[in-house]
Every structure is written in structure tokens, then in C-alpha cells.
Amino acid sequence: MSDKPQMIHLPETMANWPWPRYINPHYEEVKAQSDAWFKEFKPFTETSQHAFDKCDFGRLASLAYPWASKEHLRTGCDLMNVFFVVDEYTDVESAPIVREMVDIVIDAMNYPHKPRPDGEILLGEVTRQFWERAIKTATPSSQKHFIEAFTDYLNSVVEQASDRDSDHVRTVESYLSNRKENIGARPSYVPAELGLNLPDEAFYHPVVTELSYYIAELIILDNDLASYNKEQATGDDRHNILTVVMQQFNTDLEGAIAWVVNYHEDVEIKFLDGMKRLPSFGPTVDKELEEYVLALAIWPRTNDCWNFESGRYFGSKGLEFQKTRYVPLLPKVKNDSTLKREQVVVPLVDL
7 MSDKPQMIHL
17 PETMANWPWP
27 RYINPHYEEV
37 KAQSDAWFKE
47 FKPFTETSQH
57 AFDKCDFGRL
67 ASLAYPWASK
77 EHLRTGCDLM
87 NVFFVVDEYT
97 DVESAPIVRE
107 MVDIVIDAMN
117 YPHKPRPDGE
127 ILLGEVTRQF
137 WERAIKTATP
147 SSQKHFIEAF
157 TDYLNSVVEQ
167 ASDRDSDHVR
177 TVESYLSNRK
187 ENIGARPSYV
197 PAELGLNLPD
207 EAFYHPVVTE
217 LSYYIAELII
227 LDNDLASYNK
237 EQATGDDRHN
247 ILTVVMQQFN
257 TDLEGAIAWV
267 VNYHEDVEIK
277 FLDGMKRLPS
287 FGPTVDKELE
297 EYVLALAIWP
307 RTNDCWNFES
317 GRYFGSKGLE
327 FQKTRYVPLL
337 PKVKNDSTLK
347 REQVVVPLVD
357 L
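Residue numbers (our numbering): 7 to 357.
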């Protein structure tokens, strides 16, 4: 028997993506401000906060919004902190509790000037403060788009919790349909839109909607490839495209990865083709739409770079794995799922 650890091969899915890596020059400064604000809420234990910090969500925002002003980048950094605290808090709860949490977040977003009730879970006040600051520098159309997209995302988190409660593994089609909202891509496009005034006929045009969902799919595929190792180790891999493909097509991990690579290539082609089919709405709107579509197009590169540059999935060895493309399979660990809210365990990856 060999003592060598089993390895997972991470294919270079983004090798042919036409858009390079960018990062916002205000990254360090704005990330520090956002993180200091977030930590005031004491959302985690010291150990879990350390693991959360390793994820470097300010880097994710700075890669995603490389041309944003400091104010709009701050909205992006705050949003990433909000996303991932919602993620950590809801991941360990049953669907009815997740529904209660989600309703609090939706209420805080719709009434950002209303004081939150005493004793409420901190998600309400975190969301309220984030959105109250964001709307000061956001156009009315971008505010509307964010509230719609973030509400859809939150409702999909409840669906994910229902799947978890019943240990339900979806089909590929059903999984991607839920995950396209659940990955949080649509609300994540909005910080790039905060200064734009895209009219409904452009923003909701079928081709633009199609493009936004293709990007969401690329983010899902790359996120699931990167996160699978951590998720299989903690027993939280039922909500991952690799598990779904293995079960539906009765294949092994290698076969599932090959399926994802092929599907990824198909989606890339569809996105590039869709860009050619964008209608014209006149010079002013076309210029803004071009800016928005560019913001969509850099998201898959953003996501791929952050997967390796942060410590969320590969600990301190991300850049090494980005070169070698081989990651040792993590041993199974048991997290204490009885620890909730401020006591929730944010797993630290150490490969």
C-alpha cells in the first residue's frame, strides 16, 4: 500500500478566457476599513474569525471591481463580508431557522434607516449598516437590481437548507437552477453597476440576462472544483456539482471533473456568442451596457484567481497548487454542528 496521499487534479478551466486578472489599487486601504467595521459586530469566535480572515474577502471584491471608486469598492468589500457571514450562519441551521434569518436580512435591506429590534441576530444590523452606506453612492436603478437579486439569493439559501435537511442531492439541471441564485453572482454584479443608469429594457433584455447566468454558471463550476476538497472533508459536499455529476451519471471523481471541464467550455462559447448578439439601445445606454458586460466578463477570472490567492480552499498553498494543479485529498473531519451563530465553526484549511 502506498503512503502517498490521494491527489485531486484541478484542470486549468480558465486557460482560454480572454479577460486577464485586474485588481483595484485601493484594495489594502478599503479592505482594512471594511474588515474593521465588520469585526465590530464580533460575528465569530477568535479561532473562526482567524479562519474567516484567511479567506480575504476584500481581495475578492478588489479583483471583481478593479475600476471602482473607493466608495463603490467599500460597498463591494462590505457585501462580501455580508455574504459570507450569512453563508456561515445559515449553513448549520435547519430550513425553518434559515427562513427566519433570511427574513430578517430582507427586512433590514428594505428598511435600512429603521433601527433593528433588541436581541435580534446580528445579521439584521450588519445588513442594515451595509445597505444604508451603499445607497448613498448608488443609482436608483442599481439599488433596485440589488434588492431583487439579493432577495432571490436569500430565498435560494432556504432551498439549500431544505436539501440539507432531507439529505437531497439534486440533478445537474435542478442543481444549476438553484445554484445560479445560491452562488450569489447576481447581487455580486451590482457593485460594478452602482454608478450606471441602465434602463429596464437593457438590463432585463433576454440576451443580457442570459449572459449574466452564463457567468454565474462559470463561477459555480470553478467554485465547486476548488471547494470540493474542503467540502468532502467536512461532509458538506452534497451541494457541489462534482457530487451531483457523480451520482447522476454514476461516475467517479475523475469522470465528474472531466464532465465539468467540457460543460465549462460549452458555457464559455455560449457567453462569447451571446456578446455578439447584444442589441443596441442608443449610444449612451450602449456605453453603459458595454461597461456592465465587461464587469460580468471579468468575474470568472476574479473567482478563479481568488480561489488560489486566498486561504479559503487551499490554506497557504494556493499559489503553489495554481501552478501544479494537484491537491492532496483532505482527510475527513467532524465539525461540531451544534455550534451556531457567533459560536459557528469556520473551518481553517491547512494542506
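Cβ coordinates follow ideal geometry from the N, Cα and C atoms, glycine included.
Residue i versus residue j: straight-line alpha-carbon distance, rounded
| i | j | result |
| --- | --- | --- |
| His174 | Pro31 | 43 angstroms |
| Val36 | Glu274 | 32 angstroms |
| Ala208 | Asp292 | 9 angstroms |
| His15 | Leu160 | 32 angstroms |
| Asp272 | Glu199 | 27 angstroms |
| Thr19 | Val267 | 6 angstroms |
| Glu34 | Met86 | 15 angstroms |
| Tyr219 | Ala21 | 21 angstroms |
| Phe152 | Leu204 | 13 angstroms |
| Ser68 | His56 | 20 angstroms |
| Ser180 | Ser172 | 16 angstroms |
| Phe255 | Ala262 | 8 angstroms |
| Asn287 | Ser183 | Note that residue 287 is Phe in the sequence shown here, rather than Asn. Going by the C-alpha atoms only, they are around 29 angstroms apart. |
| Asp361 | His119 | Any property of residue 361 remains undetermined from this structure, which presents the chain solely from 7 to 357. |
| Asn319 | Tyr210 | The amino acid at residue 319 is misidentified as Asn; the sequence shows Tyr. Looking at the two C-alpha atoms, the distance is approximately 34 angstroms. |
| Gly241 | Leu217 | 33 angstroms |
| Asp9 | Asp41 | With a pLDDT of 46 at Asp9, under the threshold of 50, the modelled position of that residue is not reliable, and no figure is offered here. |
| Glu99 | Leu66 | 26 angstroms |
| Ala232 | Val214 | 27 angstroms |
| Gln135 | Leu248 | 37 angstroms |
| Ile304 | Lys329 | 21 angstroms |
| Asp230 | Asn246 | 6 angstroms |
| Glu154 | Thr133 | 15 angstroms |
| Phe47 | Ala144 | 24 angstroms |
| Arg347 | Gly280 | 42 angstroms |
| Arg139 | Pro146 | 14 angstroms |
| Trp265 | Pro17 | 11 angstroms |
Contacting residues, own chain, Cβ-Cβ under 7 angstroms from residue i (five flanking each side not counted)
| i | result |
| --- | --- |
| Val104 | Thr96, Val163, Val164 and Ala167 |
| Ala101 | Val164, Ala167, Ser168 and Asp171 |
| Gln149 | Ile141 |
| Ile110 | Glu126, Ile127, Leu129 and Gly130 |
| Glu297 | Leu202 |
| Phe89 | Gly190 |
Limits of the alpha helix (DSSP H) - the one that residue i falls within
| i | result |
| --- | --- |
| Tyr195 | Ala191 to Tyr195 |
| Thr143 | No alpha helix (DSSP H) holds Thr143; DSSP gives it neither H nor E. |
| His56 | Glu52 to Lys60 |
| Pro289 | Pro289 to Ala303 |
| Tyr33 | Tyr33 to Lys45 |
| Phe255 | Ile247 to Phe255 |
| His78 | Lys76 to Thr96 |
| Asn116 | Ala101 to Asn116 |
| Met281 | Leu259 to Lys282 |
| Phe209 | Asp206 to Phe209 |
| Gly173 | The residue asked about is misnamed: residue 173 is Asp in this sequence, not Gly. That residue, Asp173, is in no alpha helix (DSSP H); it is neither H nor E in DSSP. |
| Phe320 | Counting along the chain, Phe320 falls outside any alpha helix (DSSP H), and DSSP gives it neither H nor E. |
| Asn184 | Val178 to Asn188 |
| Thr240 | Pro212 to Thr240 |
| Ser68 | Phe63 to Ala70 |
Supposed contact pair residue j and residue i - C-beta distance, whole angstroms, cut 8 angstroms
| i | j | result |
| --- | --- | --- |
| Trp23 | Pro306 | 6 angstroms |
| Thr81 | Ile112 | With a Cβ gap of about 18 angstroms, Thr81 and Ile112 do not count as contacting. |
| Leu284 | Leu295 | 7 angstroms |
| Thr257 | Val251 | 7 angstroms |
| Leu227 | Tyr269 | 7 angstroms |
| Gly201 | His78 | 7 angstroms |
| Leu302 | Ile225 | Not confirmed; about 10 angstroms, so no contact. |
| Pro337 | Ala239 | 7 angstroms |
| Ala70 | Thr308 | 4 angstroms |
Start-to-end residues for the beta strand (DSSP E) that takes in residue i
| i | result |
| --- | --- |
| Val333 | Tyr332 to Pro334 |
| Ile14 | Met13 to His15 |
Residues near residue i in its chain [Cβ-Cβ closer than 8 angstroms; skip 5 each side]
| i | result |
| --- | --- |
| Met13 | Tyr332, Val333, Pro334 and Leu335 |
| Lys76 | His32, Glu35 and Val36 |
| Leu325 | Phe314 and Glu315 |
| Met107 | Val92, Tyr95, Thr96, Glu99, Ile127 and Leu129 |
Own chain partners of residue i with C-beta closer than 6 angstroms, once the 5 adjacent residues on each side are dropped
| i | result |
| --- | --- |
| Tyr28 | Pro72 |
| Gln253 | Val175 |
| Asp62 | Ser316 |
| Met7 | Per-residue confidence for Met7 stands at a pLDDT of 38, beneath the threshold of 50, marking its modelled position as unreliable; the derived number appears in the next sentence. So no residue of the chain qualifies. |
| Ala114 | Gly130, Thr133 and Arg134 |
| Trp137 | Met115 and Pro118 |
| Arg192 | Ala155 |
| Glu2 | Outside the shown range of the chain (7 to 357) lies residue 2, about which nothing can therefore be said. |
Check: residue i C-beta below 7 angstroms from any heavy atom of the ligand HEM
| i | result |
| --- | --- |
| Val163 | Among the ligands in the structure shown, none appear at all, so the ligand HEM cannot be discussed. |
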